[in-house]
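**Q**
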Amino acid sequence: MVILLRPHFMADALDVVTRSFNINNKLGPKLEAAAEQNAILRIGWTNAGDPVPKNGELGLCPAIPEGAKIRALGTLGSWTAAFGKGGTFTIQGDAGSFLGAANNGNVITCERSAGNYAGFAMASGKISVLDGCGDDLGSCMSGGLIVVRGNAGLRVGGGMSGGIVVVDGDIGNDPGAGMTGGKIIVNGRCPNPPDGVVLRPISEAELADLNKDINDENFQIPNDSVCLEASDLSNTPTKERVVSAGDLSMIGLVPTNNSRNMPYATCDTVALLGERSESNTPIALPLPLFPVIQDGNLLANNKKNNSSKVVENQPFIVHNNPRNIDFLSLHIDNLVHATDTLPSCGGALIDMTGMPSMNAEEIDGMLVAIRSLLGLEKPFGFSDGVGRIESLHSSAAYHNCDIAVCVIEDETGISEAASLPLIGRSTKSNLANTYTESGVSIGFSASADDLAKLCAAGLKFVCCSIPADDYQIIADWLSNLHAELSETLQRLGLESIDALSRQNLRALDYETAAVSGLRLTGYERPLPHWFAR
Numbered sequence: 035m036v037i038l039l040r041p042h043f044m045a046d047a048l049d050v051v052t053r054s055f056n057i058n059n060k061l062g063p064k065l066e067a068a069a070e071q072n073a074i075l076r077i078g079w080t081n082a083g084d085p086v087p088k089n090g091e092l093g094l095c096p097a098i099p100e101g102a103k104i105r106a107l108g109t110l111g112s113w114t115a116a117f118g119k120g121g122t123f124t125i126q127g128d129a130g131s132f133l134g135a136a137n138n139g140n141v142i143t144c145e146r147s148a149g150n151y152a153g154f155a156m157a158s159g160k161i162s163v164l165d166g167c168g169d170d171l172g173s174c175m176s177g178g179l180i181v182v183r184g185n186a187g188l189r190v191g192g193g194m195s196g197g198i199v200v201v202d203g204d205i206g207n208d209p210g211a212g213m214t215g216g217k218i219i220v221n222g223r224c225p226n227p228p229d230g231v232v233l234r235p236i237s238e239a240e241l242a243d244l245n246k247d248i249n250d251e252n253f254q255i256p257n258d259s260v261c262l263e264a265s266d267l268s269n270t271p272t273k274e275r276v277v278s279a280g281d282l283s284m285i286g287l288v289p290t291n292n293s294r295n296m297p298y299a300t301c302d303t304v305a306l307l308g309e310r311s312e313s314n315t316p317i318a319l320p321l322p323l324f325p326v327i328q329d330g331n332l333l334a335n336n337k338k339n340n341s342s343k344v345v346e347n348q349p350f351i352v353h354n355n356p357r358n359i360d361f362l363s364l365h366i367d368n369l370v371h372a373t374d375t376l377p378s379c380g381g382a383l384i385d386m387t388g389m390p391s392m393n394a395e396e397i398d399g400m401l402v403a404i405r406s407l408l409g410l411e412k413p414f415g416f417s418d419g420v421g422r423i424e425s426l427h428s429s430a431a432y433h434n435c436d437i438a439v440c441v442i443e444d445e446t447g448i449s450e451a452a453s454l455p456l457i458g459r460s461t462k463s464n465l466a467n468t469y470t471e472s473g474v475s476i477g478f479s480a481s482a483d484d485l486a487k488l489c490a491a492g493l494k495f496v497c498c499s500i501p502a503d504d505y506q507i508i509a510d511w512l513s514n515l516h517a518e519l520s521e522t523l524q525r526l527g528l529e530s531i532d533a534l535s536r537q538n539l540r541a542l543d544y545e546t547a548a549v550s551g552l553r554l555t556g557y558e559r560p561l562p563h564w565f566a567r
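So for the sequence shown, my numbering puts the first residue at 35; every next one is plus one.
Listed below in structure tokens is the structure:
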């Protein structure tokens with residue numbers, strides 16, 4: 035068992051995370067009872083009512099259910115009251131970044147200022163901030179209402195597709211950048227909007243509806259406010275996606291000094307993930323593989339036979355409706371609704387490719403919110419592109435992730451062969467002496483040889499697409515992978531998938547040897563430039 039210790043300068047951050055988890059754990063069972071009794075739960079006061087303001091706790095009160103009411107006192111960190119489901123949250127103090135992120139019905143009031151990305155990816159509900167906020171207010175929101183009294187920072191409403199953002203104050207540059215829908219109402223200084231956004235006076239009908247929605251006798255939007263909205267999108271150019279130009283066909287698998295095993299010899303193809311302590315149960319992958327599918331309902335099959343057992347025992351990475359052994363993929367497109375199934379899935383994989391850049395405190399806040407719903411005993415991890423492999427691995431190690439998945443198809447064009455030394459070096463420098471397992475996501479359906487080659491390169495598991503959206507085809511594919519991977523290990527004289535190493539790999543052509551650092555077949559050593567300083 036590996037025991038991880040953060041450096042001394044990280045102790046305060048770890049203490050804040052621990053306190054935040056404890057608050058969420060104590061709060062969870064009380065929410066439904068308080069909602070039924072119409073009672074207000076308080077954070078930042080003693081049982082006797084004496085104020086004890088919070089200081090930096092983050093990820094508090096995720097997924098507040100309908101009817102629940104919470105009031106907090108103090109300065110709270112990032113990802114406060116995220117994933118709201120219809121409750122009411124009021125903070126008497128300041129809030130950090132991502133206040134009310136992925137809100138889907140909460141009514142949130144911050145009586146002082148909020149940080150960056152308030153209302154990020156919000157779908158419905160209302161957020162009120164009474165003393166200004168940071169950059170990227172209402173970023174990527176699709177619905178709901180955000181009202182800010184005071185100034186707001188850069189890129190208000192950036193990437194929004196619906197909903198309304200109201201700012202009673204000055205705003206920074208690039209308002210509405212990338213917006214495709216919704217409205218931004220500004221009563222204050224408003225810079226010229228970027229291309230794709232038009233600025234116009236607000237109409238009387240819009241003003242009446244807006245003040246009705248705000249529903250505050252002491253605060254009304256005046257008729258000299260301006261409205262920003264998306265212009266005609268018909269001329270928006272479509273971007274062609276850059277894909278990797280290679281595969282693994284020019285990498286060969288060769289035996290070392292081991293004798294060939296008999297055809298009936300059994301081989302161990304199981305990969306264990308999440309072995310972080312004695313308190314949690316690791317996930318056993320029958321194959322070093324995470325097939326990726328959109329909807330977990332595809333895996334439902336009432337016919338009990340040998341092929342169904344293969345699918346039933348194989349964990350998948352699922353975007354919607356995961357089973358209790360599957361990992362739920364969390365990304366910006368499903369962040370609002372996917373958290374409903376977090377308590378019932380087997381783990382979570384957070385796709386960082388579409389998420390905003392976050393510092394360590396903001397990632398901690400996101401993890402506290404998500405893992406409070408998921409369960410601390412379940413494994414979790416990050417995925418990101420191969421172009422950001424160092425950042426992915428260092429962040430995964432710092433935040434004690436169970437898995438870190440490097441996505442090859444990240445529009446950098448880096449081939450599978452060229453990515454192997456990048457992943458290997460980063461794994462050695464960032465993940466040594468940690469329990470974080472390194473995996474890779476490829477852009478095609480894997481074969482048994484692909485699994486063996488990638489495991490020999492030092493990867494613990496492979497994520498890939500399924501061959502077809504058909505239950506029987508998936509079952510046959512998994513069964514064939516089991517048989518063919520065992521045959522490959524027998525041919526190489528190995529008893530376990532863990533016994534594979536780079537010594538079993540050969541580059542079959544000069545180009546592959548040049549970019550991968552593998553031994554060139556025939557030459558039987560890496561090309562000389564890999565030894566140059």
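Quick reminder that beta carbons are idealized off the backbone N, C-alpha and C, glycines included. As the structure is a prediction and not an experimental result, all values here were calculated from the model.
#1: Inspect the beta-carbon positions of residue 156 and residue 172 and report whether they are closer than 9 Å.
#2: Report the residue from 210, 541 and 527 whose alpha carbon sits nearest the alpha carbon of residue 454.
#3: Along the chain, where does the alpha helix (DSSP H) containing residue 526 start, and where does it finish?
#4: What's the gap between the Cα of residue 411 and the Cα of residue 489?
#5: Output the distance between the C-alpha atoms of residue 327 and residue 479, rounded to the nearest integer angstrom.
#6: Please determine, among 251, 215, 247 and 258, the residue with the shortest C-alpha to C-alpha distance to residue 234.
#7: Quick one: what does DSSP say residue 42 is sitting in, helix, strand or coil?
#8: Using CA coordinates, which residue listed in 79, 494 and 436 is at the minimum distance from residue 315?
#9: Is it true that the CB of residue 94 sits closer than 9 Å to the CB of residue 77?
#10: Tell me, please, whether the segment 368 to 379 touches the segment 289 to 303 by the rule of three or more beta-carbon pairs shorter than 8 Å.
#11: Just confirm the distance between the C-beta atoms of residue 33 and residue 324, as a whole number of angstroms; I'd bet it's less than 8 Å.
#12: Pull the bridge partners of residue 473 from the DSSP assignment, please.
#13: Should the segment 341 to 358 be regarded as contacting the segment 500 to 510, the criterion being three or more beta carbon pairs within less than 8 Å?
#14: Which of the three DSSP states is assigned to residue 306 in this structure?
#15: Buried or exposed for residue 565, please, with buried defined as at least 16 other CB atoms from any protein chain shown within 10 angstroms of its CB.
#16: Applying the criterion that 16 or more other CB atoms from any shown protein chain within 10 Å of the CB defines a buried residue, is residue 294 buried or exposed?
#17: Does DSSP put residue 565 in a helix, in a strand, or in coil?
#18: I'd like the list of long-range same chain contacts for residue 37, defined as Cβ closer than 6 Å, with 5 residues on each side in sequence excluded.
#19: What number of angstroms, rounded off, separates the C-alpha of residue 425 from the C-alpha of residue 356?
#20: Between which two residues does the alpha helix (DSSP H) holding residue 426 run?
#21: Using only alpha-carbon positions, find the residue among 151, 462 and 310 that is nearest to residue 188.
#22: Specify the secondary structure class of residue 143 as computed by DSSP and reduced to three states.
#23: Quick one: residues in its chain with C-beta nearer than 7 Å to the C-beta of residue 366, no 5 flanking neighbours on either side, listed in chain order?
#24: What is the C-beta distance between residue 395 and residue 111, in whole angstroms, given that I count them as a contact (C-beta under 8 Å)?
#25: Can you list the beta strand (DSSP E) stretches of 3 or more residues lying completely in the segment 44 to 128, in chain order?
#26: Exposed or buried, which one is residue 247 when buried takes at least 16 other CB atoms within 10 Å?
#27: Put residue 354 into one of helix, strand or coil per three-state DSSP.
#28: Helix, strand or coil, according to DSSP, for residue 226 in the structure here?
#29: So if DSSP puts residue 540 in a beta bridge, which residue, or which two residues, is it bridged to?
**A** Let me spell this out:
#1: yes
#2: 541
#3: 505 to 526
#4: 26 Å
#5: 12 Å
#6: 258
#7: Unreliable positioning characterises residue 42 in this predicted model, as indicated by a pLDDT of 40, which lies under 50. The coordinate reading is nonetheless provided below. Residue 42 falls in the helix class under three-state DSSP.
#8: 436
#9: yes
#10: no
#11: Limits of the chain in this structure are 35 at one end and 567 at the other, which puts residue 33 out of reach.
#12: 439 and 495
#13: yes
#14: strand
#15: exposed
#16: exposed
#17: helix
#18: Bear in mind that the predicted position of residue 37 carries a pLDDT of just 40, short of 50, making it unreliable; the figure below should be weighed with that in mind. Counting only Cβ-Cβ distances below 6 Å, and skipping sequence neighbours, we find nothing.
#19: 28 Å
#20: 423 to 432
#21: 151
#22: strand
#23: 155, 174, 388 and 389
#24: 6 Å
#25: 74 to 77, 103 to 109 and 122 to 126
#26: exposed
#27: strand
#28: coil
#29: 286
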